[in-house]
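Participant: Note that the protein sequences, when read in sequence, are chains A and B.
Quick note on my numbering: the first sequence kicks off at 92 and runs consecutively.
Quick note on my numbering: the second sequence kicks off at 92 and runs consecutively.
Let me give you the structure first, and then I'll get to my questions.
There are 2 protein chains.
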Amino acid sequence: MRHEKQRSAKVATERPEVSAGPSVTGRRSTINDIARLANVSKKTVSRVINQSPLVTEGTRERVSLIIRQYGYEPDPQARGLAFRRSFLIGLVYDNPNAQFVVTMQQGLLDGVRGSGFELVVHPCNRQSKTLVADVRAFAQRQKLYGVVLLPPISENNALTSMLDELGCRYVRVASAVLDVPAKLVVSNDRIGTAEAARHLAALGHTRIGLIEGPIGFRSRIERREGFEAGLAEHDLKLAKEYCVDGAYTFDSGIEGARKLLSLKNRPTAIFACNDEMAAGVYQVAREMGLSIPEDLSIVGFDDTPVSSRLWPPLTTIRWPIVEMGRSAAAKLLEGAESDVTVPEAKLIVRNSTAPPKR
Amino acid sequence: MRHEKQRSAKVATERPEVSAGPSVTGRRSTINDIARLANVSKKTVSRVINQSPLVTEGTRERVSLIIRQYGYEPDPQARGLAFRRSFLIGLVYDNPNAQFVVTMQQGLLDGVRGSGFELVVHPCNRQSKTLVADVRAFAQRQKLYGVVLLPPISENNALTSMLDELGCRYVRVASAVLDVPAKLVVSNDRIGTAEAARHLAALGHTRIGLIEGPIGFRSRIERREGFEAGLAEHDLKLAKEYCVDGAYTFDSGIEGARKLLSLKNRPTAIFACNDEMAAGVYQVAREMGLSIPEDLSIVGFDDTPVSSRLWPPLTTIRWPIVEMGRSAAAKLLEGAESDVTVPEAKLIVRNSTAPPKR
DNA sequence: TGACCCGCTGACACCGGTGTCCAAGATCAA
DNA sequence: TTGATCTTGGACACCGGTGTCAGCGGGTCA
Numbered sequence: 092m093r094h095e096k097q098r099s100a101k102v103a104t105e106r107p108e109v110s111a112g113p114s115v116t117g118r119r120s121t122i123n124d125i126a127r128l129a130n131v132s133k134k135t136v137s138r139v140i141n142q143s144p145l146v147t148e149g150t151r152e153r154v155s156l157i158i159r160q161y162g163y164e165p166d167p168q169a170r171g172l173a174f175r176r177s178f179l180i181g182l183v184y185d186n187p188n189a190q191f192v193v194t195m196q197q198g199l200l201d202g203v204r205g206s207g208f209e210l211v212v213h214p215c216n217r218q219s220k221t222l223v224a225d226v227r228a229f230a231q232r233q234k235l236y237g238v239v240l241l242p243p244i245s246e247n248n249a250l251t252s253m254l255d256e257l258g259c260r261y262v263r264v265a266s267a268v269l270d271v272p273a274k275l276v277v278s279n280d281r282i283g284t285a286e287a288a289r290h291l292a293a294l295g296h297t298r299i300g301l302i303e304g305p306i307g308f309r310s311r312i313e314r315r316e317g318f319e320a321g322l323a324e325h326d327l328k329l330a331k332e333y334c335v336d337g338a339y340t341f342d343s344g345i346e347g348a349r350k351l352l353s354l355k356n357r358p359t360a361i362f363a364c365n366d367e368m369a370a371g372v373y374q375v376a377r378e379m380g381l382s383i384p385e386d387l388s389i390v391g392f393d394d395t396p397v398s399s400r401l402w403p404p405l406t407t408i409r410w411p412i413v414e415m416g417r418s419a420a421a422k423l424l425e426g427a428e429s430d431v432t433v434p435e436a437k438l439i440v441r442n443s444t445a446p447p448k449r
Numbered sequence: 092m093r094h095e096k097q098r099s100a101k102v103a104t105e106r107p108e109v110s111a112g113p114s115v116t117g118r119r120s121t122i123n124d125i126a127r128l129a130n131v132s133k134k135t136v137s138r139v140i141n142q143s144p145l146v147t148e149g150t151r152e153r154v155s156l157i158i159r160q161y162g163y164e165p166d167p168q169a170r171g172l173a174f175r176r177s178f179l180i181g182l183v184y185d186n187p188n189a190q191f192v193v194t195m196q197q198g199l200l201d202g203v204r205g206s207g208f209e210l211v212v213h214p215c216n217r218q219s220k221t222l223v224a225d226v227r228a229f230a231q232r233q234k235l236y237g238v239v240l241l242p243p244i245s246e247n248n249a250l251t252s253m254l255d256e257l258g259c260r261y262v263r264v265a266s267a268v269l270d271v272p273a274k275l276v277v278s279n280d281r282i283g284t285a286e287a288a289r290h291l292a293a294l295g296h297t298r299i300g301l302i303e304g305p306i307g308f309r310s311r312i313e314r315r316e317g318f319e320a321g322l323a324e325h326d327l328k329l330a331k332e333y334c335v336d337g338a339y340t341f342d343s344g345i346e347g348a349r350k351l352l353s354l355k356n357r358p359t360a361i362f363a364c365n366d367e368m369a370a371g372v373y374q375v376a377r378e379m380g381l382s383i384p385e386d387l388s389i390v391g392f393d394d395t396p397v398s399s400r401l402w403p404p405l406t407t408i409r410w411p412i413v414e415m416g417r418s419a420a421a422k423l424l425e426g427a428e429s430d431v432t433v434p435e436a437k438l439i440v441r442n443s444t445a446p447p448k449r
């Protein structure tokens, strides 16, 4: 990092380094080169790059041609410096579900492809007291073009008001309407969970257990209410004793299943609000010698790889993560009214559900 | 993006916008502010920031104090522009294992914490003909400080020689020695697989099947050779008919297991070279009515979440991904001889292995 | 005491772009 | 034809840092 030449004691007339500093990095062409070649000022080249209307068609074409010929790409750092804004998008998450994060990264990059933006990942801890300050420093230091917030961090209003205050664009990925549409990509968990409820009801289940997400997560509410709505269509209600808290973890699924399955009149089906907890239910069912789906039907949520590796493969709800990522990217890139349509979450029926034994 | 004021036709004397442009972004302090406050030139402040020895202790302290007081942080874009290098680290991967990628991100960020570097993710397709050109453009455009290559892309020598040519630092994360230590973080798959082999041999297995990784992956060779070495310690050899090709996918695990388990003298244990394939083996075992581990012992590799959700939980090999990430980060940050020690991969014994029935 | 050297500091140019503003050329009305 | 207006493009400053190099004060040596 230290470039300054240390004076050498004796030799006054150092011979100049012949060429090629430490990193060759093959001297890319700059806006000045293009301007010289096209016989215009650098500002005109800049106008062409930024699609300013203040350039005649002829000039524009001449310059564009040379840009293409020389494969010139403007330096994002220099551009950013002048714009007082970078071309980086921050992905802020605290999500135990690796599949979700990686898929979202893919979707976001799909969505910004070709526009010169890059994705900078920023995992963090939602419990941390310095969360807001930390994200603030990140956004400010990098002059982020925009920020994508994944659930459950996306539900943090302190964070979004900080970003508003900073004048930093953001998009929340969330399971419920929290904000204006322009700043939100909604997963609509309700539709998926309602379908799951209908599925179980249609199979003939009436004693249905629910293992919920953690208190304070918006998805907990959404998934539950969607589920109840689906049941209501079949005139079923969720009994209070069949609802237990979970934490979206395998262990909490085990714990929840133990509670539900030790009831005197135990449920014939359990909806676990994510796949990890559903896997916990499998484990308890095995311990208790219950066979799936004959003795117990199970539905999960997420369609992670785990769900199809379980035996029997888990009936679960898949959300369109890639499309949500693309949509989030489109919403960040200004001017993009660009309605990437996000399909709805849908039920994937596998073999963990069947009619109850009578 | 278009900031230039469009001339309005009539009004010649537009009233100047009173204040606060579009993004307030609370005017951060700059090197000039600090210089003025400390009564030194900006260059001196720059020297303090870059820990140049050419500053007297007194001056350094005075300036440092003001920097701290005002919470000044130099703008990475401006710094990068002058340095002809950014403070971004590119993470180049093409890895179906989401858990690995996310964990690696975590480890890398752990490793660069506090040093002002950011991690830019760049998923790509190892089959793509434009892979090298694509990564080259990425590295060049962003003037990346360094690149981290995850397996199996890390094995691509065309990629690394391009990076060398570009003068761009990189670190390969790989399962075998491919390069000088400074550019490599090795996972040492051999040690883990040897331990797996010893484990199975010690249980008394002699007919042991192997489902390998895809041809062309370095990890295929490493894992196999480690496994063979472990067996050799117990005077066992891997029979050719007990070795089948896989592709690190669930489906290829199913296929491989079908082949192995339909042999007349079928193996009593199978080592699948990753957890996904091991999950495929579970599925086939179920279909065939074989119980695990009584009729068939299974060992996987990766310790993904899937492994502990399977029933019975899978005996597998865990590699120290976070530590590998930290180590990779340390190797990129120059001057860091910083030996983050990477512990060895180790066997996690769960319930999918037992002595063979006699 | 003067010549010299050394260590520290700052003026200045520069990295590669963009915003502002003005001038030159083109167009149009009188 | 001339003057007014509009269009187009360029000179210049600036974004926020770093490299270069000259200058300055103080110590050493003859």
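Ideal Cβ placement from N, Cα and C applies to all residues, glycine included.
Keep in mind it's a predicted model, so treat the numbers as computed, not measured.
1. Measure how close the beta-carbons of residue 396 (chain B) and residue 190 (chain B) come, nearest whole angstrom, since I'm counting them as under 8 angstroms.
2. Counting only beta-carbon atoms, is residue 300 (chain A) nearer than 8 angstroms to chain B?
3. Closer than 9 angstroms by beta-carbon distance: list the chain A residues that pair up with residue 410 (chain B), in chain order.
4. Helix, strand or coil for residue 300 (chain A), going by three-state DSSP, please let me know.
5. Any idea if residue 306 (chain A) is buried or exposed, counting beta-carbon neighbours within 10 angstroms, 16 or more meaning buried?
6. In the stretch 361-391 of chain B, which residues sit with their C-beta less than 7 angstroms from some C-beta in chain A, listed in chain order?
7. Among the residues of its own chain, which have a CB less than 7 angstroms from the CB of residue 150 (chain B), if the five just before and after it don't count?
8. Quick one, which of A:215, A:142, A:388 has its alpha-carbon nearest residue 197 (chain B)'s?
9. Do you know offhand how far residue 257 (chain A)'s Cα is from residue 231 (chain A)'s?
10. Can you find at least 3 beta carbon pairs, one from the stretch 410-424 of chain A and one from the stretch 293-304 of chain A, that sit closer than 8 angstroms?
11. Identify each residue in the stretch 196-222 of chain A for which the Cβ-Cβ distance to at least one residue of chain B is less than 7 angstroms, and report them in chain order.
12. Around the Cβ of residue 205 (chain B), are there at least 16 other Cβ atoms within 10 angstroms (buried) or fewer (exposed)?
13. Specify, as a first and last residue, the run of the beta strand (DSSP E) that residue 322 (chain A) falls within.
14. Counting C-beta neighbours from all protein chains within 10 Å, is the total for residue 371 (chain B) 16 or more, i.e. buried, or is it exposed?
15. Starting from the C-beta of residue 344 (chain A), find all residues in its chain whose C-beta is less than 7 angstroms away, skip the five residues before and the five after it, and write them out in chain order.
16. Please report how far the alpha carbon of residue 210 (chain A) lies from the alpha carbon of residue 203 (chain A), in whole angstroms.
17. Which stretch, first to last residue, makes up the alpha helix (DSSP H) that contains residue 438 (chain A)?
18. Going along chain B, which residues have a C-beta under 8 angstroms from residue 171 (chain A)?
19. Run through chain A and tell me which residues come within less than 7 angstroms of residue 396 (chain B), C-beta to C-beta.
20. Closer than 8 angstroms, CB to CB, is residue 419 (chain B) near chain A or not?
21. Around the C-beta of residue 434 (chain B), are 16 or more other C-beta atoms found within 10 angstroms, so that it is buried, or is it exposed?
22. Can you find a CB in chain A that lies within less than 8 angstroms of the CB of residue 193 (chain B)?
23. Three or more C-beta pairs under 8 angstroms: does that hold for the stretch 159-178 of chain B against the stretch 150-169 of chain A?
24. Look up residue 293 (chain A) in the DSSP assignment and give the residues it is bridged to.
25. When you compare the CB positions of residue 413 (chain B) and residue 194 (chain B), do they come within less than 8 angstroms of one another, or not?
26. Does DSSP put residue 182 (chain A) in a helix, in a strand, or in coil?
27. Report the neighbours of residue 177 (chain B) on chain A: residues whose CB is nearer than 7 angstroms to its CB, in chain order.
28. By how many angstroms is the C-alpha of residue 212 (chain B) removed from the C-alpha of residue 379 (chain B)?
29. Could you check how far apart the C-beta atoms of residue 287 (chain B) and residue 408 (chain B) are, in whole angstroms? I think they sit under 8 angstroms.
30. Give me the chain A residues within the contact set of residue 190 (chain B), using Cβ-Cβ distance strictly less than 7 angstroms, ordered along the chain.
31. If you count every other CB in all the chains shown that lies within 10 Å of the CB of residue 376 (chain A), and 16 or more means buried, which is it?
32. Using the beta-carbon of each residue, which ones in chain A are nearer than 7 angstroms to residue 341 (chain B)?
33. Does the contact criterion of 3 or more C-beta pairs under 8 angstroms hold for the stretch 240-254 of chain A versus the stretch 262-278 of chain A?
34. Residue range of the alpha helix (DSSP H) that residue 346 (chain A) falls in?
35. Using 8 angstroms as the threshold, is the C-beta distance between residue 183 (chain A) and residue 226 (chain A) below it?
36. Using a Cβ-Cβ cutoff of 8 angstroms, what residues of the stretch 144-165 of chain B are near chain A? List them in chain order.
Facilitator: Working from what's here:
1. 6 angstroms
2. no
3. Result: empty, since nearest Cβ-Cβ is about 15 angstroms, beyond 9 angstroms.
4. strand
5. exposed
6. 370, 373, 374, 377
7. 131, 135
8. A:215
9. 8 angstroms
10. no
11. 196, 197, 200, 209, 210, 211, 212, 214
12. exposed
13. Counting along the chain, residue 322 (chain A) falls outside any beta strand (DSSP E), though it belongs to the alpha helix (DSSP H) covering 309-324.
14. buried
15. 302, 337, 363, 367, 368, 369, 370, 371, 372
16. 9 angstroms
17. Where residue 438 (chain A) is concerned, there is no enclosing alpha helix (DSSP H), although the beta strand (DSSP E) it sits in stretches over 437-439.
18. 168
19. 397
20. no
21. exposed
22. yes
23. yes
24. Residue 293 (chain A) pairs with nothing; no bridge assigned.
25. yes
26. strand
27. 168
28. 43 angstroms
29. 6 angstroms
30. 189
31. buried
32. 400
33. yes
34. 341-352
35. yes
36. 145, 164
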